Amino acid sequence: NAGVTQTPKFQVLKTGQSMTLQCAQDMNHNSMYWYRQDPGMGLRLIYYSASEGTTDKGEVPNGYNVSRLNKREFSLRLESAAPSQTSVYFCASSEQGTGELFFGEGSRLTVL
Amino acid sequence: AQKITQTQPGMFVQEKEAVTLDCTYDTSDQSYGLFWYKQPSSGEMIFLIYQGSYDEQNATEGRYSLNFQKARKSANLVISASQLGDSAMYFCAMREFSSGSARQLTFGSGTQLTVLP
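Listed below in structure tokens is the structure:
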């Protein structure tokens, strides 16, 4: 019953440091997504992968890169973290183009 | 322009009463889906209910129902018989099926619901 698993759950970085958020799903879903959640702004899409081997920018992609490693895994990388990237990050997956998103538990990132 | 608008940043309801959370949306697609998610203080996102644009009946899931008014582009969530455990942030979201946007969910800013004992 793992569903969508994200790691790490908490991370503190200094400005300029890099890190990768890992995400894996075991539901055989084609589509995977990375969102960030900031107070008063709901969830905003950073990047998504409609299917294995494809990735596309969402609403707020600047400062991030992604890799769809295989059908199960979709990672989000911050190459040079900035305080504006302090947020809660959610990974999600869904059947391609339909249905609800299944979310991970979220990763709280603080950039000092 | 905002695709999903939730105009109520916070709502209060008495336990056992019904409450309506507002959501309006903006799309030119004919085919789309509307979703509601609940986010308790623990932070996880819980799917509640779904309404397709071509569904003739309003969606219901237990104590949750979706008041879908297509002409007004509104998709309000109704929670009946509120419970203390319903206290949470609620998000309305939309997926447009016929555009070329690869069908990601767009979220509103959320409504914080507090159920009073």
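Note that the protein sequences, when read in sequence, are chains A and B.
Okay, so the first sequence: first residue is 88 according to the numbering used here, each after it adds one.
Okay, so the second sequence: first residue is 20 according to the numbering used here, each after it adds one.
Ideal placement from N, C-alpha and C gives every residue a C-beta, glycine not left out.
Since we're looking at a predicted model, the values are computed, not measured.
E192(A) and Q104(A) have their C-alpha atoms roughly 24 Å apart. Less than 8 Å divides the Cβ of M119(A) from the Cβ of C178(A). The beta-carbon separation of V134(B) and E34(B), rounded to 6 Å, stays under the 8 Å limit for a contact.
Listed along chain A are Y120, Y122, L130, L132, A179, S181, E187 and L188, each with a C-beta nearer than 9 Å to that of L124(B).
When only Cα atoms are considered, Q123(B) and L53(B) end up about 12 Å apart.
Rounded to whole angstroms, D48(B) and P136(B) show a C-alpha spacing of 42 Å. A direct Cα-to-Cα measurement between V32(B) and R195(A) gives close to 30 Å. Nearest to E146(A) by alpha-carbon distance, out of T125(B), G129(B) and Q102(B), is T125(B). DSSP, reduced to helix, strand and coil, places L103(B) within a helical segment of the structure shown. Sequence-distant Cβ neighbours of S167(A) in its own chain, meaning closer than 7 Å and more than five residues away, are G103 and S105.
The beta-carbon of E139(A) is placed no less than 8 Å from the nearest beta-carbon of chain B. In the three-state scheme derived from DSSP, where H, G and I count as helix and E and B as strand, S84(B) is classed as strand.
Here DSSP, grouped into helix, strand and coil, assigns S162(A) to strand.
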